[in-house]
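Presented below is the structure to which this report refers.
Numbering (the numbering used here), first residue to last: 7 to 284.
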């Protein structure tokens, strides 16, 4: 028998909040919006570690992820957040000494879109999910997205219009992130649409000249600060998912990759559905 070094008592007796593995890549099969979708997910898993134990059994993490991922491929019945939930629950079973397990999964995610001139295109987004399970106290699940689009600066536009009489401004690429604590009723496709609609304009992988011109015009007709993007996302969340419990956590973030500065601008709100309702 080989020694179980992880079970030894450590020299320094301190509890650790998270011990686990990061960047585990797996092919997963999920159900989203009535569609079965194949993703290559990057998964982080962890459990807490008591003060009297030297190490965590890291191989158990990879075993659990493999088992649940295989099940998702066979059954195609999980959303990404439910996949995280199943892994988190199994981690608590497998790590008998742990009281908390956390799982985070993210993947590239593609949706069909149309450019302003009607050209069909497959656009990339980022989908994210998280589950945190506490032994004897239940589990919290989150679903989120990251969307890249475009903003046009309203400040420069108003100043140029005032001085030169022309309605022009500078543009920025914008990354909007929207995360919601979910009971299973929140759809990632809705979050992507909200984030895109909150910006001055969506962006596209392929644009011919007419499309390019229309994207710029639409953005300049709809100038936005990063603050506007966050507030508009929160407004749409409240309109669409206002029936969620008041303690449901909502995170909205916007970052502009500035074109006339060497730094970026960002805005963020971390809140609950109840606070938004107020």
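The beta carbon of each residue, even a glycine, is placed where N, CA and C say it ideally should be. Just so it is clear, the structure is predicted and the values come from calculations on it, not from any experiment.
*Could you spell out the range, first to last residue, of the alpha helix (DSSP H) harbouring residue 242?*
232-247
*asked:* Whole angstroms are fine: how far does the CA of residue 161 sit from the CA of residue 79?
replied: 50 angstroms
_Report the start-end ranges of each beta strand (DSSP E) in the region 107-144 that is 3 residues or longer and not cut off at the edges._
126-140
*Would you call the CB atoms of residue 279 and residue 260 closer than 7 angstroms?*
no
*Would you please state the rounded distance, in angstroms, between the beta carbons of residue 206 and residue 223? I believe it to be under 8 angstroms.*
At roughly 11 angstroms, the Cβ-Cβ gap does not stay under 8 angstroms, so residue 206 and residue 223 are not in contact.
_Top-ranked residue by Cα proximity to residue 29, from 271, 100, 111 and 77_ = 111
*Using a threshold of 7 angstroms, state whether the C-beta atoms of residue 104 and residue 54 are closer than that.*
yes
_Length of the line joining the Cα atoms of residue 63 and residue 102_ = 11 angstroms
*asked:* Let me make sure I understand the geometry here. Which of 273, 169 and 94 has the alpha-carbon closest to that of residue 238?
replied: 273
*With burial defined as no fewer than 16 other Cβ atoms inside 10 Å of the residue's Cβ, what is the status of residue 156: buried or exposed?*
buried
*Alpha carbon to alpha carbon, how far is residue 251 from residue 11?*
45 angstroms
*Length of the line joining the Cα atoms of residue 258 and residue 187*: 12 angstroms
*Can you round the beta-carbon distance between residue 137 and residue 94 to whole angstroms, since I take them to be within the 8 angstroms contact cut?*
4 angstroms
*By how many angstroms is the C-alpha of residue 153 removed from the C-alpha of residue 244?*
19 angstroms
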